[in-house]
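Heads up: the structure comes next, in structure tokens.
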Ligand SMILES: Nc1nc2c(c(=O)[nH]1)N[C@H]1C(S)=C(S)[C@@H](COP(=O)(O)O)O[C@H]1N2
Ligand SMILES: [Mo]
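Numbering (our numbering), first residue to last: 519 to 743.
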């Protein structure tokens, strides 16, 4: 059996593990709003996204809480393609991009360094295991970044912020303590910025079943697939 990254355990299937799914908007062409260090804002409608060169990827998915779903088959567009063909030509003169923020319809946000975002295996995915992505796993479009903890793989993607410096983190002591690692690389066990990974493994493990159960229930609401 192939080895898993440190502190991870294999889980059956692919649990839903997130906030309640946002309502699916029927009859509108969803748009990814690209904002930030650009000459002007760029809107990327999914109808245009659908014309970009496609990419397939089979990868494991690692949640920071310690579960790993194996051999998921994703289809979509490499983020590097979106960056090279849509974002780079729109950059403000002299802007040197250092970070992006993935923004989601449910209000979820995650910060990534540009180097991690343009890695070869980072996808904006609209299909999973041969089917259109369901709302439980991030319809209509989600980020998939297999080398990083799942919290980077933002579901229901609706915006990308383009930054020339690292955006400020969440305020509040507890949140700051548990703030995500700036690289979040699974094989380096970069779970958090401040708290060592071993300190949380047990605590996290205890949260997996309750969160998965809650997520499964809230994910069925408004599920389109
Ligand atoms: N929009 C959004 N994306 C999200 C989350 C979320 O709550 N909302 N949770 C993150 C976390 S912590 C994980 S582990 C994965 C879980 O993806 P899944 O629900 O498809 O298993 O989604 C990530 N992306
Ligand atoms: Mo997670």
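In this text, a Cβ means the ideal position worked out from N, Cα and C, and glycines have one as well.
For ligand 1, I want to know if residue 626 counts as a neighbour, meaning its beta carbon is within less than 7 Å of at least one of the ligand's heavy atoms.
As a working note, residue 626 is residue 108 in the chain shown. For ligand 1, at least one heavy atom lies less than 7 Å from the Cβ of residue 626.
Distance CB(residue 647)-CB(residue 564) smaller than 8 Å
For the purposes of this step, residue 647 is identified with residue 129 of the chain shown, where counting begins at 1. For the purposes of this step, residue 564 is identified with residue 46 of the chain shown, where counting begins at 1. No, Cβ-Cβ distance for residue 647 and residue 564 is not below 8 Å.
For residue 558, which residues of its own chain have a beta-carbon under 8 Å away from its beta-carbon, when the five flanking residues on both sides are left out?
Along the chain shown, read from residue 1 onward, the residue named residue 558 stands at position 40. So the list reads 608, once near-sequence residues are dropped.
Tell me whether residue 533 counts as near ligand 1, meaning its Cβ is closer than 7 Å to at least one heavy atom of that ligand.
By one-based count along the chain shown, residue 533 stands at place 15. Answer for residue 533: yes, Cβ within range of ligand 1.
Under 7 Å Cβ to Cβ from residue 588, same chain only, skipping five residues before and after it: list those, please.
The residue you call residue 588 lines up with position 70 of the chain shown. Cβ-Cβ distances below 7 Å link residue 588 to 528, 578 in the same chain, with the five nearest sequence neighbours on each side left out; the list follows chain order.
Kindly indicate which residue of 719, 576, 545 has the alpha-carbon position closest to the one of residue 643.
Sequence index remark: in the chain shown, residue 643 carries index 125 (1-based). Nearest C-alpha to residue 643: 576.
Tell me whether the stretch 523 to 542 and the stretch 650 to 663 touch, counting them as touching only if at least three CB pairs, one residue from each stretch, are closer than 8 Å.
Touching, yes, given that three or more Cβ pairs across the two stretches are closer than 8 Å.
Tell me whether residue 681 sits in a helix, a strand or coil according to DSSP, three-state version.
What you label residue 681 is simply residue 163 of the chain shown in a count that begins at 1. Strand at residue 681.
Checking the sheet assignment: what are the DSSP bridge partners for residue 585?
Against the chain shown, residue 585 aligns to sequence position 67. 527.
Is it buried or exposed for residue 695, if we count other Cβ within 10 angstroms and need 16 for buried?
What you label residue 695 is simply residue 177 of the chain shown in a count that begins at 1. The residue in question, residue 695, is exposed, as its Cβ has fewer than 16 Cβ neighbours within 10 Å.
Taking the straight line between their C-alpha atoms, what separation do you get for residue 629 and residue 622?
Taking the chain shown and counting its residues from 1, one reaches residue 629 at position 111. Taking the chain shown and counting its residues from 1, one reaches residue 622 at position 104. Cα to Cα, residue 629 sits roughly 12 Å from residue 622.
Taking residue 534 as the reference, which of 683, 668, 549, 709 has the closest Cα?
Reading the chain shown from its first residue, position 16 is the one you call residue 534. Checking every option, the nearest Cα to that of residue 534 belongs to 668.
Where residue 615 sits in the DSSP three-state scheme
Within the chain shown, residue 615 is the residue found at index 97, counting from 1. In the structure shown, residue 615 sits in coil (DSSP, three-state: anything other than H, G, I, E or B).
Here's the rule: buried if 16 or more other CB atoms are within 10 angstroms of the residue's CB, otherwise exposed. What is residue 727?
Translated into the one-based positions of the chain shown, residue 727 becomes position 209. It is exposed - the Cβ of residue 727 has fewer than 16 other Cβ atoms within 10 Å.
Just mark residue 592 as buried or exposed, buried being the case when its beta carbon has 16 or more other beta carbons within 10 Å.
Taking the chain shown and counting its residues from 1, the one referred to as residue 592 is at position 74. Counting Cβ neighbours within 10 Å, residue 592 comes out buried, since at least 16 surround it.
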